[in-house]
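Asker: For reference, the structure I am asking about is given below.
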Amino acid sequence: MTKYSALLFISGLVFLLMVITGLLPMGHTPMLVGNAILEGAKDQVGAANVVTSVVLGYRGLDTLGELSILFAAASVVGLVLTKSSFNKHASNNDDKHDHHDSGFVAVNAIDLIFPLLLVVGMYIITHGHLTPGGGFQGGVVLAVAFSMLVIVRPRRVSINHGMVSIIESFAGVSFIVIGVVALFKGQSFLQPLLGHGEFASLWSAGTLPLLYLAVGLKVGAELAGLLLALNTDEVAS
Amino acid sequence: MTFLDHLFIVVFISLIAISALRNLRIVDKLAPVLYGLILIMLVRMSSVAYGGDVYLSSVSLDLLDFKMHWQFTALSWYFAIITVVAALASAVFMSGDWGRQYREQGGNYGMLQLALIVNVFSMILLLGSGDLLSLFIGWEFVSWASFLMMVLSPTKLAKKSAVKYIVYAMTGAMALMVAIVMIYSVNNSLEFKQIGEVFTQMSTSSQLALVLLFFVAFAIKMGLLPFHLWQAIAYAETPGPGAAFLGAISSRMGMFTIVLVIVQFIGLGGLKQLGISFVNMQTLLAWVAALTTIIPTYIALQQHDAKRLLAWHGVGQGGYMLLGIIMFDSIGSAGGLMHVLNHASYQAALFMTVVAVMYRTGTSDLNKLGGLVTQMPLTFLVMLIGIIGLAGLPPMNGFVSKWLVYRSLLVNGQPLLFVAAVLGTLGTILSVYKLIHNTFLGQLRLEHQNVREVPWSMLVPMLGLSIIVFITGFMPGLILPWIASVQESVGLPVIAHHLGGIEYAKGGLDMIWVSGILFYGFGVGALIFYFLGGKSKRVHQYDNYAGGHFLTSDVRYHYSNNFYPGLMHLIGGWYRGSFKWLENSIVSVVSFFSIFFENIYRAKQPVMLLLIGVVLALFALYRNLGVGA
Amino acid sequence: MNSFFTIEGILYFGAISLSIIGLFGLLVSKNLFRMLLSLVLFEAGANLVLVLSGFIRNGIAPIFLDGNSGAVMNDPVPQALVLTAIVIGVGVQALALSLIFRVKKHYGSMDMRTIRSKLEREIATQAGVTPPGSNEAPAPVKLVKGEAHE
Amino acid sequence: MIWVVAVVVFIMLAAALAVLFLPNMIAAVVASAVVSLSLTVIFAIVKAPDVAMTEAAIGAGLSSLILAIGLKRLGYWKTDSIDKVKAGERHD
Amino acid sequence: MNSLVLLVVLPLFAAFIIPVVAKFSPKLSLFTGPVVLCINLLLIMSAWIKVGSGSEAIFLGGFLPPVGIVFYIDHFSLLFSGLIAGMVLIVWPWDAKESRLYSLYMLLSAASFGLVLSADLFNLYVFYELLAVATYGIIAASPISKVPNSSATAASLRYLFISSAGSVMLLLGIAIIYTLTGTLNIAHLATMTTSLDGFAGLSAFALIAIGAGVKAEMFPVNSWVAEVYGTIPRQLSALLAGLVSKLAVILIIRMLLMVFQQQAAFDLLLVVGMLGVISGEMVAWRAKDMIRMLSFSSIAQLGLIFIAFSIAGSKGLWIGMALMLHHLLVKGGLFLMADRFAGHMGKLKGLAKHSPMAAAVFLVFVLSLLGVPPFPGFWIKLLLILNLAEQGGGLYHVAIATILLATVIETAYIFKFVRILYQKADADSTPINKNYSSSYTFAKLFALILLVSMLFVSPISNHLKDIANHSASPHIYINKILPTKQLGDRS
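Residue numbers (the working numbering), protein chains in the order written: chain A, -16 to 220; chain B, 103 to 731; chain C, 42 to 191; chain D, 98 to 189; chain E, 2 to 492.
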C-alpha cells in the first residue's frame, strides 16, 4: 500500500521537478556572482584554483561551519557509541567482531601504501590553492591512511584518542585564530592576510594554504576519530 | 475625573481590599459595606435613569492603536443597579452564619467573597463599555469571573460543568470576536455606532452572518436554545449565595448585549430584512425565545433537586426577556427589560430560600424534604412570594412583566407565540408548586424535627428581596421610568407609565388597582366567611389522612417522590434530550478529526509526509501560476 | 521549455532521477541501513543538481592555468558549495550510522516500523498513559456509558 | 560526448536502483559506491575537478568505508544467497 | 561592528577547545560555555546600543557582497541573538557527564547565532545543518532518567531521517534559486524578484519552506515533535520548542520578506499554518499527558506564527515576532515546569492543593496562551485576527475561523487539565515531584516577565513595530548590504 502511494506521489514529484527543470536556464546560467568572482579572484585572493578562493576566501565561513558540522558529528558519534550505561539484554551476537588482524594481503598492502597515502594526502592539502583538491580531499586521505592501519591490526596498533582530539582542537582553533587575527588588525573576520605572493606558485594566496592546512588536519583528525569510534566496540572503550 | 471614574475606582478598590483581606474575618463586615458604597454611588448616578445625560469616563486607553473608552448609559445603569443589589444581598446573606458553616465544612470562604467582587467588577466593566473592544474585554472578564465562582464548589460535577461552561463561553467569545472583526474590517473602527453603519453597507449574507454571530455569542451567555445545556447545572452547583447571584444576574449580561447591539444598532428593520417571505430574523429569534421558555421549564419540572429546578427556570425565564424585547414595541420591550429586574429579585430570593433550607437540613433534594413550614415560616413566606413572582401571578412583579409580554404578543398578532409563552407559564406554575410543596408542605420528616428558622443575617436579604418583589409588583411605576429611559436611549418606542402601571391605548394596566381588587377580594371572602359563621379549627400538621387511612405520628406522610408521574411520562415521550445528542455529536465530530490527525502524526515513515507536502505545495503553485514564465 | 536531449538535459534528468530514487528508497524500505543508503543517494542527487547550476556549456574548470586565460569558465561557486555539502553529507551519514548501531542494540531490530511502535510504546509508558493502538486499525474507542451521556 | 554522458547516467541510475533492490547488503553498498564513482565521472565531465576529487575521496572512499564498517557491525557482512534471505532474515 | 562576528566564532572556538580543556580541568570546561555566552550577551548589548534604530552589515573576509558572505545586524537579529544566549544559559546542562555535550551546546548556539545573523542563503543552509546535527546529538545524548537511553536515540534517528530529507529539499530549493539568479546573497536576490516570481522561483520557496519547516514544526513534516519531546528532558524541549523552531521560522521568513513577497507564497504559509493550528489543537485535545499536550500545542502555536507571517509586509513580521516571543515565554515556561506535571493526567489530582504556586504559574501561562484579556496573548491574538481580516480574501477569513475554532478546542483540553489539577487528591494520585529544580525557578521568572509585560503592552508593541518596520523593509536591507551595486541588475 505504502509502495503504491509512494509511487503515486513520487511520479507527481518527478513531473513537477521536470517542469521546473524545463524552466531553468540550463547550460547558460546567469552566473552573476560567479563572473564577479572569476574576474576578481586573481587580485582579491590570488589562488590559481578559483574554487579554493571561494571555499576559503569568499565563503570561508561556510567552511568553518562545515568543519563544525564534522566536529559535531564526530562528537555525537563519540558520545553515542561510548556510553557506558548500555542495555545489554538486546545485544546481538553479530556485533562481536574479532580482534584478529586482517589477512596477510591486507596488512602488507596497507603497510606498503601507508607512507604513500601520507605523502599524497599532504600534497593534496598543500597544493589545494593551485590544483584541484585541498584540505578536504587530503584530509580524507590522511584519515583513511591512519584508520586503515588500525582497522587491519586492531590489537597491535592504536591511535591515541587524546592526540586525535588535541589535533582536531588545534586545527579548528588555528583556523579561527587566522580569521580573528584579521579582526584584530581592524579588518574583517577571515580576511586574507599576508601578501598574495607570486601567482600560481606554492607560496601564494596569502593565508589560504595555512587555512587549508588547518582544514586538512581538522578533517583528517575528525574523520579518523569518527572511523575509529565507529569501528571500535563500545565495550572496549 | 468624572463620576464614572470614581465608580470604577471604588469598585476596583473594593476588589483590591476584598482580595487582600479575604482570609480575615473582617471581610464579612467589609464586603456588604463596600457593596453598599457602590450602591450609593450608583444611586447618585441615577439621573441617567431619569433621562439625564450619559456618564462618560475620562479614562481612555490607547492600546496598540485601539482607543478604548467607557460610558454609563441608562441601559448600563439599569443592569448595574440590579447587579449591585444582588451582590449586596448575597454578601449580606453569606456574611453571617452561613459563612461560618461554609468555612467549617471546608469551603474557601475568602475565595467566594473574592469571586463575588470579581464578578461585580467585571460586570460593571462590561456594562460601562464604550466601544466594541472594551465590550469584548468586559465580556471575557465576565465569563472568566463566572468560571471562577463556579469552580469553587468542591464537587466533581461542579468542576466538570464549569469546564463545560468555559468551553461554551469561549465559543461565544470567539463568535463575538468574529463579529467584531467583521465590523472592524469595513471601516477600521471599533466604535459602537459603527455597527449600525457597517450593517447597512454589508451584503445580505454578511448581514445574516453578523447577526447570527452576535446572536450566538449573546445567546450562549443567556442560555438560549440551543446553547442552554451548560447553564443550569453550572449555576446549581455553585456554592450558596454564589448561585443566587449568578442565577439572578450573570447570564443577563447576554440580555444587556442583545439590547445594546442587536436592538440598538441593528434594529427591527435590520432583522426584518433578513429572511424569506414571512420567516425573517425577528420571527426566528422570537421562536428561539419561545422554545426557550418552554423546553427548559419542562426540564425544570423533571428535576428533583431544588437548586437545579430553579436554575432550569432561570434558563427558561430568559426566553420571556428575549420574547419581549424582540417585539420592538413599547410594551413588549418594556416587559422584556423589566423582567430582568423582576427575575433577578425573585430568583435571588428563591435561591436564598433553598440555600437556607440546605443550611438547616443539609439537602436540597426535593424527595427528602417536606413540612418545613412549621419550622421555617419566614423562609416559607419568602419562597411563597418568590414563586408567585416566578409563576407570574399577581400581585408580584413577575406578573407585570409577563403581562406586558403577553399583551405585546397579542397586540402584534402573534397568537402562536402567545400560546407558547402561556405554555411556559403553565409549566412554571406546575413546577414551582412542586418546589414549595415538596419543601414546605406535607408532614415534617422525623430527621427535621429540630430544624429552626435561619438566623437574621440570612433572613434579612431574603425578606428584603421579597419586599422588592412585592413593591415593584404593587407599584411598577417605581421601575418604569428607568425602563422608559432605557428605551429612549436605545431608540425603542417609549412606554407611557404612571406609578401603578402603564397607559396603553388598547388597555393599560394599573397594578395598584389589580392588587387592591385582589386584596379586597380576599377581604370580602374572609368577611363573608366569618359573617356566615365560619369556624376555623387549628389542625396539627400530622393530623391528616390519606386514602381513608389515618396515619400515626410515627409514619410521616409526604407525597413528594415521583411528582406529576403522568405529566412526566408525557414529557419523556417527546423530549429525549435532543440537544444533548447534538452536543455529543459535535464532540464526536471533533473526536473523529482528532483521531484522523493523530494517525497522520503517527506516520510510520514521516518522510512520506514530507513528500506529500512538497508535492501538494508544488502542485498548487503549478496550478496557480502555470509555466508561462 | 528546454530540450532534454542535451548534455545538461540528460544530466538534470539523471540528477532528478537519482534524488527521486533515493527518496523512493527512503519511503519504501523498512530496513534502517537501506534507508541510510537511500538518504545518501538522495543527497547525491541534490548535489548533482547544485553542481549543474554552475555548468556552462563548453566551459572549462575554474582554475587559472597558463593556457586558458581567454576561455569561458564554469561557475566556481556551486562547486564550492557542493564541496561543503558533500562533507556535511558524510558527517550526517556517520552520525546516522552510529545512531543505528545504538538503536539496533537496544531494539534488536532494524525494521523502522517495529522501532516506531516500540518507541511509541516506550514514550507512552514513560508518560504513564496507555500505548496507542495500531496505526492500521485504531483501537476500539471505549465509550463508558455514563461518560458519553454526561 | 552526449552518449558517454547518457551511458554514465544510465549506469548511475541502474546502480541506484540496485542499491534499493539488491537483497544482499554488501552488494547494495557496492552499488552505492558505483553510484559515487559514476558521479565522480559526471563531475569530471561537467568540469568540476574539485568536486570530482571530493566525491571520489569522500563519496566513493570514505563513505563506502563507513558503510562497510556499518555492515560489519550490524551483522550484514555475509555473502549469502537470496535463498537464505527468503528463508528467514529479510533485510528489506 | 566587525567584532559581532564573534557571536558565531566564539562559541565555535569554545566548542573546539572544550574537549581539550576537559582533559585538564573538567570544571573549567563546564564554565567555558556559560562564560562565552555571557560575553556574547555583552556583545549583543553593546551592539544593540550602537546599532540604534538603524542596521549594520558585516562583510566577512572583507569581500563586498554579493560575492562574499554578509552578516546583517539590526534589532531584530540582535533581539533573537540575545534570546538564544539567554535560553541556552537557562537550559545549560550543568550536570552532564560528558564534556562533548558542552561542545554540542556551544555548536548549537553558534549555529543559532549564524542563522539569525547571516544574509547568505547557502551560509544559512550550513548553519541550519550545524544546528540540526548538534540537535540530533543533544537529543540522542540527553535521556531522561526513567527512559532507557535508546528511545531518545531512536527518536533522534527518526528525526534525523525526516530532517535530512528536509535539508535536501532546502538544498534543492537553493540550487533552483542559484540557477535562476546566479547569486546567493539575499539582498541581491531581493533586487531581482522578477526573475523569481514564476513557477520555478516559487517552487524554490516552497521547497525551502517545507525543508526548513521540518525544524519549524510545520504541518505535514512535524511528526517528530511528539516523539522527540516525549523522550528528552523538559529543559531541552523548552529549548527546542521555544527557540530552535523559531530559528527555522526566521530562515523561512527572511526569504519570504525579502524575496518572495507574493500572494502564492503567503497562501502557502497560510494553508500550512491553518492545518498546523487545527491538527495540533485537535491531537492535543486527545492527549492524556502533559508533555504530549504541550508538544502538539506547540505545533499549533507554530501554525499560528505561520499564519501571522502570511500577512504581507512589516505587519506580518510585527505580529509574527510578537507571537514568537510570546510562544517562547509561554511554551518555554510550560516545558520548564513540566517536570512537576509528569505522568498521566488522571494521576495529577490535587496538585493545585499540594503546590498552589505551580498551579498558579501554570494558569498564568495557559490563560495567556488562550488569549484571555488582559494577558499579552490576548492582544497578540486580537492584532492577528484584525489584521487577517484587513487582508481580505476568502482564505484569510477561513484562517480567522480556524484560529477561533482552535481556541475553543484549546480551552476545552486545557481546562480539562486544570480541572484535574484542582480536584481532590485520591489514592491514585502520584506523589508530586517536590524538588525545586532551577528550571522551575526560571519558569516562575518567565511567568513574571509575562505578567510585567501585561502592563507595558503598548510600549512593547510599539517597539516591536519599529523593529519590524525596519527589518521587513527590503529597501533598507538592500541599501545596507549592497551599498553600491557593482553587478548588473536584471530586473
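Quick reminder that beta carbons are idealized off the backbone N, C-alpha and C, glycines included. Treat the numbers as computed from the prediction; the structure is a model and nothing was measured.
Name the chain D residues that come within less than 9 Å of residue 34 of chain A, Cβ to Cβ?
Answerer: Under the 9 Å cutoff, chain D gives 145, 146, 147 and 148.
Asker: May I have the straight-line CA-CA distance separating residue 222 of chain E from residue 289 of chain B, to the nearest angstrom?
Answerer: 39 Å
Asker: For residue 198 of chain E, is the classification buried or exposed, using 16 other Cβ atoms within 10 angstroms of its Cβ as the cut-off for buried?
Answerer: buried
Asker: Closer than 7 Å by beta-carbon distance: list the chain E residues that pair up with residue 127 of chain C, in chain order.
Answerer: Those within 7 Å of residue 127 of chain C in chain E number zero; the least Cβ separation is about 11 Å.
Asker: If you draw a straight line from the alpha carbon of residue 130 of chain E to that of residue 129 of chain C, how long is it in whole angstroms?
Answerer: 8 Å
Asker: With C-beta atoms as the reference, is residue 90 of chain E less than 8 Å away from residue 44 of chain E?
Answerer: Against a cut-off of 8 Å, the Cβ pair of residue 44 of chain E and residue 90 of chain E comes out as no contact.
Asker: Can you check whether the C-beta of residue 12 of chain A is within less than 8 Å of a C-beta belonging to chain B?
Answerer: no
Asker: Answer yes or no: does any C-beta atom of chain A fall closer than 8 Å to that of residue 4 of chain E?
Answerer: yes
Asker: For a test of the three-state rule: what should DSSP assign to residue 33 of chain A, helix, strand or coil?
Answerer: helix
Asker: Spell out whether any CB of chain D is found under 8 Å from the CB atom of residue 40 of chain A.
Answerer: No, no contact with chain D.
Asker: Under 7 Å Cβ to Cβ from residue 56 of chain C, same chain only, skipping five residues before and after it: list those, please.
Answerer: 86, 89, 90 and 93
Asker: Out of E:248, E:470, E:188 and E:237, which has the shortest C-alpha to C-alpha gap to residue 73 of chain E?
Answerer: E:188
Asker: Residues in the same chain with beta-carbon distance under 6 Å from residue 109 of chain B, minus the five sequence neighbours each way, listed in chain order, please.
Answerer: Cβ neighbours of residue 109 of chain B beyond the five flanking positions: 143.
Asker: Where do the ends of the beta strand (DSSP E) carrying residue 57 of chain E lie?
Answerer: 57 to 60
Asker: Under 8 Å, with one C-beta from each stretch per pair, do the stretch 49 to 61 of chain A and the stretch 146 to 162 of chain C reach the 3-pair mark?
Answerer: The stretch 49 to 61 of chain A makes no contact with the stretch 146 to 162 of chain C: fewer than 3 CB pairs, one atom from each, lie closer than 8 Å.
Asker: In this structure, does DSSP put residue 69 of chain A in helix, strand or coil?
Answerer: Note that residue 69 of chain A scores 35 on pLDDT, short of 50, meaning its location in the model is unreliable and no value can be drawn from it.
Asker: Measure the C-alpha to C-alpha separation of residue 302 of chain E and residue 135 of chain C and round it to an integer number of angstroms.
Answerer: 34 Å
Asker: For residue 294 of chain B, go through chain E and note every residue whose CB falls closer than 7 Å to its CB, in chain order.
Answerer: Chain E residues near residue 294 of chain B: none, gap ~17 Å exceeds 7 Å.
Asker: Of all the residues that make up the stretch 706 to 718 of chain B, which are near chain F by a beta-carbon distance shorter than 8 Å?
Answerer: The chain labelled as chain F is not found among the protein chains of the depicted structure, namely A, B, C, D and E.
Asker: At a Cβ cut of 7 Å, what residues of the stretch 76 to 93 of chain C count as close to chain A, listed as they run along the chain?
Answerer: Residues of the stretch 76 to 93 of chain C with a Cβ closer than 7 Å to any Cβ of chain A: none.
Asker: Does DSSP classify residue 75 of chain A as helix, strand or coil?
Answerer: For residue 75 of chain A, the pLDDT reaches just 40, beneath the cut-off of 50, and the residue's location in the model is therefore unreliable, leaving the point undetermined.
Asker: Taking the CB atoms as reference points, tell me whether residue 727 of chain B and residue 81 of chain E lie closer together than 8 Å.
Answerer: no
Asker: Using three-state DSSP, classify residue 17 of chain E as helix, strand or coil.
Answerer: helix
Asker: Spell out the partners DSSP gives residue 14 of chain A in its beta bridges.
Answerer: BP columns for residue 14 of chain A are empty, so no partner.
Asker: Put residue 598 of chain B into one of helix, strand or coil per three-state DSSP.
Answerer: strand
Asker: Report yes if the C-beta distance between residue 226 of chain B and residue 182 of chain B is below 8 Å; otherwise report no.
Answerer: yes
Asker: For residue 505 of chain E, does the three-state DSSP call read helix, strand or coil?
Answerer: Given a span of 2 to 492 for chain E in the structure shown, any question on residue 505 of chain E remains unanswerable.
Asker: I'd like to know if residue 473 of chain E contacts chain B, where contact means its C-beta is closer than 8 Å to some C-beta of that chain.
Answerer: no
Asker: Report, in whole angstroms, the separation of the C-beta atoms of residue 100 of chain E and residue 30 of chain E, which I expect to be a contact under 8 Å.
Answerer: 5 Å
Asker: Is the stretch 234 to 249 of chain E close to the stretch 706 to 724 of chain B, with three or more CB pairs under 8 Å?
Answerer: no
Asker: Find the nearest neighbour of residue 520 of chain B within the set B:313, B:325, B:429 and B:138, judged by alpha-carbon distance.
Answerer: B:429
Asker: Decide if residue 615 of chain B is buried, meaning its Cβ has at least 16 other Cβ atoms within 10 Å, or exposed.
Answerer: exposed
Asker: Would you decide whether residue 307 of chain B is buried or exposed? Buried here means 16 or more other CB atoms lie within 10 Å of its CB.
Answerer: So residue 307 of chain B ends up on the exposed side.
Asker: With a 10 Å radius around its C-beta and 16 neighbouring C-beta atoms as the bar for buried, classify residue 703 of chain B as buried or exposed.
Answerer: buried
Asker: For residue 35 of chain A versus residue 211 of chain A, is the C-beta spacing smaller than 8 Å?
Answerer: no
Asker: Could you compute how far the alpha carbon of residue 39 of chain E sits from the alpha carbon of residue 131 of chain B?
Answerer: 55 Å
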